[in-house]
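Have a look at the structure below before the remarks.
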Amino acid sequence: MRFQDVISINDFEKDDIEYVLKTAELLERELKEKGTLQYAKGKVLATLFFEPSTRTRLSFESAMHRLGGSVIGFAEASATSVKKGESLMDTIRTVENYADVIVIRHPKEGAARLAAEVAKIPVINAGDGANQHPTQTLLDLYTIKKEFGKIDGLKIALLGDLKYGRTVHSLAKALSYYNVKLYFVAPPGLEMPRHIVEEISDKVDIVETSNLESVIPEIDVLYATRIQKERFPDPAEYNKIKGSYRVDLKILEGAKETLKIMHPLPRVDEISYEVDKTRYSAYFRQVWSGVPVRMALLGIVLGVIE
Amino acid sequence: MKELKVSAIHKGTVIDHIPSGKGLKVLEILNLPEDSTILIAVNVRSEKLGKKDIIKVEGKILSKDEVNKIALIAPTATVNIIDKWEVVEKKNVEVPDEIIGIIKCANPNCITHYEKVKPKFKVISKKPLKLKCHYCERTMEEEIIAKNLL
Ligand SMILES: [Zn+2]
Chain A
663 MRFQDVISIN
673 DFEKDDIEYV
683 LKTAELLERE
693 LKEKGTLQYA
703 KGKVLATLFF
713 EPSTRTRLSF
723 ESAMHRLGGS
733 VIGFAEASAT
743 SVKKGESLMD
753 TIRTVENYAD
763 VIVIRHPKEG
773 AARLAAEVAK
783 IPVINAGDGA
793 NQHPTQTLLD
803 LYTIKKEFGK
813 IDGLKIALLG
823 DLKYGRTVHS
833 LAKALSYYNV
843 KLYFVAPPGL
853 EMPRHIVEEI
863 SDKVDIVETS
873 NLESVIPEID
883 VLYATRIQKE
893 RFPDPAEYNK
903 IKGSYRVDLK
913 ILEGAKETLK
923 IMHPLPRVDE
933 ISYEVDKTRY
943 SAYFRQVWSG
953 VPVRMALLGI
963 VLGVIE
Chain B
30 MKELKVSAIH
40 KGTVIDHIPS
50 GKGLKVLEIL
60 NLPEDSTILI
70 AVNVRSEKLG
80 KKDIIKVEGK
90 ILSKDEVNKI
100 ALIAPTATVN
110 IIDKWEVVEK
120 KNVEVPDEII
130 GIIKCANPNC
140 ITHYEKVKPK
150 FKVISKKPLK
160 LKCHYCERTM
170 EEEIIAKNLL
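In the order they appear, the protein sequences are chains A and B.
The opening residue of the first sequence carries number 663 in the numbering used here; numbering runs sequentially from there.
The opening residue of the second sequence carries number 30 in the numbering used here; numbering runs sequentially from there.
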């Protein structure tokens with residue numbers, strides 16, 4: 663076992679990432695042949711969602727069931743003794759008696775790290791505030807690898823709110839392990855934070871721009887994210903920007919035939935629905951990627967998959 | 030001249046080579062008991078620093094934690110332990126690789142503000158001082174660190 667918990671993408675070396683992607687690939691193949699697998703038979707996953715995130719929770723639950731294990735847990739803190747003021751540490755100390763692995767989502771940053779320190783069983787972070795969501799990053803990488811058969815050599819654009827977007831921060835960091843060219847496309851004021859650019863700029867080529875149209879012809883992957891309205895003090899300013907980052911058929915006229923569009927979902931209006939049916943859309947396959955990747959992570963931390 | 034200043038107490042701790050103007054801040058973070066006997070010298074001429082502050086604490090030997098605390102705002106400081114008018118131990122303060130419990134995290138949404146856990150930071154740069162919260166992974170720079178001393 664190479665790691666006992668999955669808390670932050672910053673804990674992952676390139677080897678660890680490759681190991682997860684490879685394991686996910688093997689599991690996906692086996693799953694297609696056999697249907698449900700039995701690696702986690704008799705094992706129990708506790709999903710502790712202190713804030714709701716139905717997609718992520720369902721993805722983990724699906725992964726555990728497909729590994730032959732079972733699931734307990736809660737979907738929001740208001741239904742538990744947390745509401746009565748129980749500390750996170752006490753919740754963890756209680757739940758670890760019922761389960762073999764914990765998946766935690768919590769609104770406070772650092773909650774997953776603390777949970778992992780307290781718990782005797784493995785902990786997987788399913789999002790801690792604005793900090794980390796490492797399984798999302800791993801499934802993003804897995805999707806890219808599946809779509810192209812590789813990650814090295816690709817030109818990848820990250821689009822949208824790069825300032826506050828947790829997903830794009832982790833993804834940029836993880837992609838810097840590969841031989842890629844990155845394009846950070848953001849409206850003025852929502853650019854990628856300097857410390858992230860500085861951290862990775864000696865490892866990968868980076869182009870920063872606010873003009874999507876100008877990079878469309880060059881790129882292999884367009885990773886779109888939501889621009890949150892509430893980030894803008896002036897609604898008129900938002901409306902102006904909103905249009906310029908809408909991925910529609912018109913802007914795709916200049917794209918490579920092999921371009922793949924990804925999105926962590928849910929989308930609002932960054933990608934128009936007409937794009938769904940085109941060869942470019944990879945975002946629903948990206949959702950599926952979450953299952954084999956989370957199966958791999960569960961299997962690895964449980965010690966049932968080598 | 031220097032010898033005279035350092036050995037002017039019978040037993041206790043002398044914190045020397047504090048950057049000029051930081052003396053009061055050092056005193057503040059030491060948070061000594063109200064009845065402590067303390068001597069402060071401000072803007073003393075120094076060969077090393079040009080000007081420096083000195084603090085003498087009568088009757089108290091500072092712990093390692095307290096010394097580390099000083100390093101965060103006065104990295105040039107030296108700590109002299111005095112017994113029977115003599116310097117029995119002299120140590121440079123040094124920022125440790127890890128800082129536990131001395132500073133609180135500047136991120137208001139950090140779990141350390143909500144659970145009974147000691148804040149813990151990894152020192153990612155000593156000069157300029159830069160810390161990374163072990164829990165929320167947010168980094169803090171010198172100016173913010175000084176404001177978040179516990
Ligand atoms: Zn923190």
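Where is the CB? At the ideal position from N, CA and C, for every residue including glycine.
Find the residues of chain A that neighbour residue i, judging by a C-beta separation of less than 9 Å, and give them in chain order.
i, result
"residue 177/B", "Chain A residues near residue 177/B: none, gap ~15 Å exceeds 9 Å."
"residue 170/B", "Correct list: empty, because the minimum Cβ distance to chain A is about 10 Å."
Out of the options, which has the shortest C-alpha to C-alpha gap to residue i?
i, options, result
"residue 110/B", "171/B, 44/B, 72/B, 177/B", "44/B"
"residue 179/B", "167/B, 65/B, 98/B", "98/B"
"residue 957/A", "907/A, 793/A, 837/A, 683/A", "683/A"
"residue 177/B", "129/B, 154/B, 156/B", "129/B"
"residue 164/B", "105/B, 75/B, 147/B", "147/B"
"residue 145/B", "898/A, 751/A, 968/A, 765/A", "751/A"
"residue 708/A", "833/A, 727/A, 967/A", "727/A"
"residue 940/A", "922/A, 953/A, 950/A", "922/A"
"residue 91/B", "113/B, 133/B, 108/B", "108/B"
"residue 848/A", "731/A, 880/A, 887/A", "887/A"
"residue 670/A", "757/A, 869/A, 924/A, 787/A", "787/A"
"residue 737/A", "916/A, 924/A, 769/A, 827/A", "769/A"
"residue 624/A", "815/A, 775/A, 712/A, 799/A", "Residue 624/A is absent from the model: chain A starts at 663 and stops at 968."
"residue 967/A", "689/A, 679/A, 676/A, 674/A", "689/A"
"residue 68/B", "38/B, 131/B, 49/B", "38/B"
"residue 162/B", "133/B, 48/B, 172/B", "133/B"
"residue 869/A", "764/A, 821/A, 665/A", "821/A"
"residue 50/B", "121/B, 143/B, 83/B", "83/B"
"residue 765/A", "793/A, 749/A, 743/A, 733/A", "733/A"
"residue 698/A", "954/A, 965/A, 964/A", "954/A"
"residue 143/B", "749/A, 823/A, 797/A", "749/A"
"residue 995/A", "890/A, 937/A, 740/A, 949/A", "With chain A covering only 663 through 968, there is no way to say anything about residue 995/A."
"residue 776/A", "58/B, 166/B, 65/B, 77/B", "166/B"
"residue 808/A", "948/A, 914/A, 731/A, 960/A", "948/A"
Apply the 10 Å Cβ neighbour rule to residue i and answer buried if 16 or more other Cβ atoms are within range, or exposed otherwise.
i, result
"residue 100/B", "buried"
"residue 94/B", "exposed"
"residue 876/A", "exposed"
"residue 857/A", "exposed"
"residue 898/A", "exposed"
"residue 790/A", "buried"
"residue 735/A", "buried"
"residue 755/A", "exposed"
"residue 803/A", "buried"
"residue 667/A", "buried"
"residue 136/B", "buried"
"residue 873/A", "exposed"
"residue 126/B", "exposed"
"residue 946/A", "exposed"
"residue 74/B", "exposed"
"residue 677/A", "exposed"
"residue 153/B", "exposed"
"residue 672/A", "exposed"
"residue 33/B", "Note that residue 33/B scores 46 on pLDDT, short of 50, meaning its location in the model is unreliable and no value can be drawn from it."
"residue 31/B", "Summary for residue 31/B: the model assigns pLDDT 48, below 50, so the residue's position carries little reliability, and this model does not support an answer."
"residue 758/A", "buried"
"residue 53/B", "exposed"
"residue 930/A", "exposed"
From the DSSP output, which residues share a beta bridge with residue i?
i, result
"residue 70/B", "83/B"
"residue 919/A", "Residue 919/A pairs with nothing; no bridge assigned."
"residue 121/B", "107/B"
"residue 48/B", "81/B"
"residue 154/B", "159/B"
"residue 885/A", "820/A, 924/A"
"residue 712/A", "Note: residue 712/A sits in no beta bridge, so no partner."
"residue 168/B", "161/B"
"residue 787/A", "766/A"
"residue 871/A", "847/A"
"residue 736/A", "710/A"
"residue 943/A", "923/A"
Which chain B residues are close to residue i, counting only those with a beta carbon under 9 Å from its beta carbon?
i, result
"residue 857/A", "168"
"residue 751/A", "144, 145, 146"
Using a Cβ cut-off of 7 Å, pull out every chain B residue sitting near residue i, in sequence order please.
i, result
"residue 776/A", "140, 144, 146, 164"
"residue 791/A", "138"
Taking 8 Å as the cut-off, is the CB of residue i close to at least one heavy atom of ligand 2?
i, result
"residue 824/A", "Ligands in the displayed structure: ligand 1; ligand 2 is not one of them."
For residue i, go through chain A and note every residue whose CB falls closer than 7 Å to its CB, in chain order.
i, result
"residue 136/B", "771"
Along chain B, in chain order, which residues have C-beta atoms closer than 8 Å to that of residue i?
i, result
"residue 670/A", "166"
Exercise. Specify which residues have a beta carbon nearer than 5 Å to any heavy atom of ligand 1, listing them in chain order.
Key: 134/B, 136/B, 139/B, 162/B, 164/B, 165/B
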